[in-house]
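Residue 1081 in this note's numbering sits at position 112 of the sequence shown; the count goes up by one each step and never skips.
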Amino acid sequence: METPQKNFRKRTAILSFLRQTKSHPSAEMVYNHLKQEIPDLSLGTVYRNLSMFKNSGEIVSLGTVNGVERFDASVEPHVHFICSGCGAVVDLPQIETPEELNRQVSKATGGVVDICRLTFTGQCKSCAAKQSGCTA
970 METPQKNFRK
980 RTAILSFLRQ
990 TKSHPSAEMV
1000 YNHLKQEIPD
1010 LSLGTVYRNL
1020 SMFKNSGEIV
1030 SLGTVNGVER
1040 FDASVEPHVH
1050 FICSGCGAVV
1060 DLPQIETPEE
1070 LNRQVSKATG
1080 GVVDICRLTF
1090 TGQCKSCAAK
1100 QSGCTA
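Written out as structure tokens, the structure reads:
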């Protein structure tokens, strides 16, 4: 059984990596990145910690991208673009979540919107160029 100090070190490394990256990684991506630094890290440990961070609100799940759950340590509402070709996930801080949409949803449901997480899905510039045969 691992000591609490080892658990804390691994937990800290996982959360630190999530906060420093803009890649919106999967559990496997986190594991692969940290494995060299922490040789005794297991994929199960990464999954357990991601679940704990998600449940505590320290990170959010973006859902599945190409069949793999991806995570974001930026928990404030913001807009994402997900490429359906290569799986890239991009933050779009220049686009605000629309307050009018929140009002429409509240009116339609009779409820109150707490958070709006807006995600656009399509093809990034590179994947779109490949599909059209364009090399520009």
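Think of the CB as a built atom: it goes at the ideal place given N, C-alpha and C, for glycine as much as any other residue.
This structure is a prediction, so every number in the text was calculated from the model and none was measured.
{"Query": "Grab me the residues of His993's own chain with a C-beta within less than 7 Å of its C-beta, minus the 5 sequence neighbours each way, in chain order.", "Result": "Leu1031, Arg1039, Phe1040, Asp1041 and Val1058"}
{"Query": "With a CB to CB cut of under 6 Å and the five nearest residues on each side skipped, what residues in its chain are close to Asn1071?", "Result": "Val1082 and Cys1085"}
{"Query": "Please state whether the Cβ-Cβ distance between Glu997 and Val1037 is less than 9 Å.", "Result": "yes"}
{"Query": "Rounded to a whole number of angstroms, what is the C-alpha to C-alpha distance between Thr1033 and His1002?", "Result": "20 Å"}
{"Query": "Compare the C-alpha of Gln1063 against each of Glu1069, Leu1087 and Gly1079 and name the closest.", "Result": "Leu1087"}
{"Query": "Could you check the C-alpha separation between Lys1023 and Glu1045 for me, to the nearest Å?", "Result": "13 Å"}
{"Query": "Checking the sheet assignment: what are the DSSP bridge partners for His1049?", "Result": "Asp1060 and Thr1088"}
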